[in-house]
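Taking it in order: structure first as structure tokens, then the write-up.
Residue numbers (the working numbering), protein chains in the order written: chain R, 109 to 322; chain Y, 8 to 278.
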């Protein structure tokens, strides 16, 4: 993919959950290297944009395209292997941090990766949590652990759903800088946080008005 | 050694024992009399009917009828297992029926062909009694296994989707749930096997001993039936999950919400 090629494209997408319209005729293009912040009230369905690309929900009509390929039941599996997702609830599961990291690195798709988390864990202030249970981590620790994993996956597209909500100001900045400074990464960020919204390197898409704000 | 028959009058006397639970229920206000009465009546009528039915079945001893009756028992077992999960019966009846049949018939025929020296593998006494024993005893395991799998998967849908996003194959993503369900399904059977003979003197053995056989024979039957139960429980739970997931999980690897029953509305959680 060259510098300006479209990575993600929504073409006339409609989506509703149990009769309630969530997305109404949305067309949107996200290019390679873009840092896009999706803004809008909570509960208005911003996250469903990410779910659509990952094939977790299907549009009622319209097309969702990733890397030039329409997302369907067959292609979604490959699309997921190109995207690093951090979901809003940071659903890492249960068990120890170590066993979680092992589970992720043992997945067939990650077999070729050099999956050594120590340097990144140190960078994000996560030393000494390896033997803790995931359930005992604070919200902020889980967010940072998910961030570490997303980076280790060595993918080029990041879906970051409210990933800084439980972090203090310093860490917020550290995380935002970490993602925004990488020109080769495409980031779709769902957040209300000024640390993302006010950064000069992002484009902001207003989900409710369906317009680019800047 | 002949089994002592119980005269009908004496059978009626046995019901007098129920005065004790009735008395306790009244004294402590347990409100158990009605459910107790309903269950006792049902049990008595069902057994009376099946007693008559089995009498003729054993007399007739026709291979096709025997197989047919075994299949009826399997249908009922499938219904009770599926009914207690949150999945619509209509969605998964067929795959569950196939799994239960394969698991039960394989074990019964193995036992009848290679283990018990029966004259005909279709002999009612062995086919139906052993089959019923297997079905009855693996029923609880099947109920636990199948309902746990879909319940956990649904409750855990955010995590499951996260694992898919990591690039897991469907098998990789489902494996933890399968493992947990089968382990839970088998737990009671494994526990009762481990204490068998000491804590539990199982029904099968009691029946065989009362039926006039020596304890040695009873024990041998108990051993083969326990091996059969463990085998058919694991096989039917795993097979049922493997076959039903093709119906309950769509091509995207996402749990379909329309296979769940209405009482527990499943709105696919947003990411």
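Note that CB positions come from ideal geometry on N, CA and C, so glycine has one too.
Can you list, in chain order, the residues of its chain whose CB lies under 7 Å from that of residue i, leaving out five sequence neighbours each side?
{"i": "residue 152 of chain R", "result": "315 and 316"}
In its own chain, which residues sit with a C-beta less than 8 Å from the C-beta of residue i, not counting the 5 before and 5 after it?
{"i": "residue 269 of chain Y", "result": "none"}
{"i": "residue 239 of chain R", "result": "204, 205 and 206"}
{"i": "residue 89 of chain Y", "result": "96, 99, 100, 103 and 153"}
{"i": "residue 223 of chain R", "result": "209, 212, 213 and 260"}
Quick check on the burial criterion: 16 or more other C-beta atoms within 10 angstroms. Buried or exposed for residue i?
{"i": "residue 188 of chain Y", "result": "buried"}
{"i": "residue 76 of chain Y", "result": "buried"}
{"i": "residue 152 of chain Y", "result": "buried"}
{"i": "residue 229 of chain R", "result": "buried"}
{"i": "residue 166 of chain Y", "result": "buried"}
{"i": "residue 320 of chain R", "result": "exposed"}
{"i": "residue 42 of chain Y", "result": "exposed"}
{"i": "residue 67 of chain Y", "result": "exposed"}
{"i": "residue 63 of chain Y", "result": "exposed"}
{"i": "residue 156 of chain R", "result": "buried"}
{"i": "residue 288 of chain Y", "result": "Residue 288 of chain Y falls outside the range modelled here, since chain Y spans only 8 to 278, and no answer is possible."}
Can you confirm whether residue i, when its beta carbon is compared against all beta carbons of chain Y, has any partner nearer than 9 Å?
{"i": "residue 141 of chain R", "result": "no"}
{"i": "residue 218 of chain R", "result": "yes"}
{"i": "residue 184 of chain R", "result": "yes"}
{"i": "residue 245 of chain R", "result": "no"}
{"i": "residue 252 of chain R", "result": "no"}
{"i": "residue 178 of chain R", "result": "no"}
{"i": "residue 138 of chain R", "result": "no"}
{"i": "residue 266 of chain R", "result": "no"}
{"i": "residue 148 of chain R", "result": "no"}
{"i": "residue 134 of chain R", "result": "no"}
{"i": "residue 116 of chain R", "result": "no"}
Taking Cβ positions only, does residue i come closer than 9 Å to chain R?
{"i": "residue 172 of chain Y", "result": "yes"}
{"i": "residue 260 of chain Y", "result": "yes"}
{"i": "residue 265 of chain Y", "result": "no"}
{"i": "residue 19 of chain Y", "result": "no"}
{"i": "residue 169 of chain Y", "result": "yes"}
{"i": "residue 257 of chain Y", "result": "yes"}
Rounded C-beta distance between residue i and residue j? I'm assuming under 8 Å.
{"i": "residue 240 of chain Y", "j": "residue 138 of chain Y", "result": "Not quite, the Cβ-Cβ distance comes to about 14 Å (not below 8 Å), so this is no contact."}
{"i": "residue 135 of chain Y", "j": "residue 73 of chain Y", "result": "6 Å"}
{"i": "residue 252 of chain R", "j": "residue 234 of chain R", "result": "6 Å"}
{"i": "residue 161 of chain R", "j": "residue 179 of chain R", "result": "6 Å"}
{"i": "residue 181 of chain Y", "j": "residue 252 of chain Y", "result": "7 Å"}
{"i": "residue 259 of chain Y", "j": "residue 184 of chain R", "result": "5 Å"}
I'd like to check one pair, residue j with residue i: are the Cβ atoms closer than 9 Å?
{"i": "residue 3 of chain Y", "j": "residue 215 of chain Y", "result": "For chain Y, the structure presents residues 8 to 278; residue 3 of chain Y sits outside this window and is missing."}
{"i": "residue 228 of chain Y", "j": "residue 200 of chain Y", "result": "no"}
{"i": "residue 140 of chain R", "j": "residue 294 of chain R", "result": "yes"}
{"i": "residue 262 of chain Y", "j": "residue 106 of chain Y", "result": "no"}
{"i": "residue 173 of chain Y", "j": "residue 296 of chain R", "result": "no"}
{"i": "residue 111 of chain Y", "j": "residue 87 of chain Y", "result": "no"}
{"i": "residue 237 of chain R", "j": "residue 245 of chain R", "result": "yes"}
{"i": "residue 115 of chain Y", "j": "residue 218 of chain Y", "result": "no"}
{"i": "residue 194 of chain R", "j": "residue 269 of chain R", "result": "yes"}
{"i": "residue 121 of chain R", "j": "residue 169 of chain R", "result": "yes"}
Who are the Cβ neighbours of residue i in its own chain at under 6 Å, not counting the five residues just before and after it?
{"i": "residue 189 of chain R", "result": "217"}
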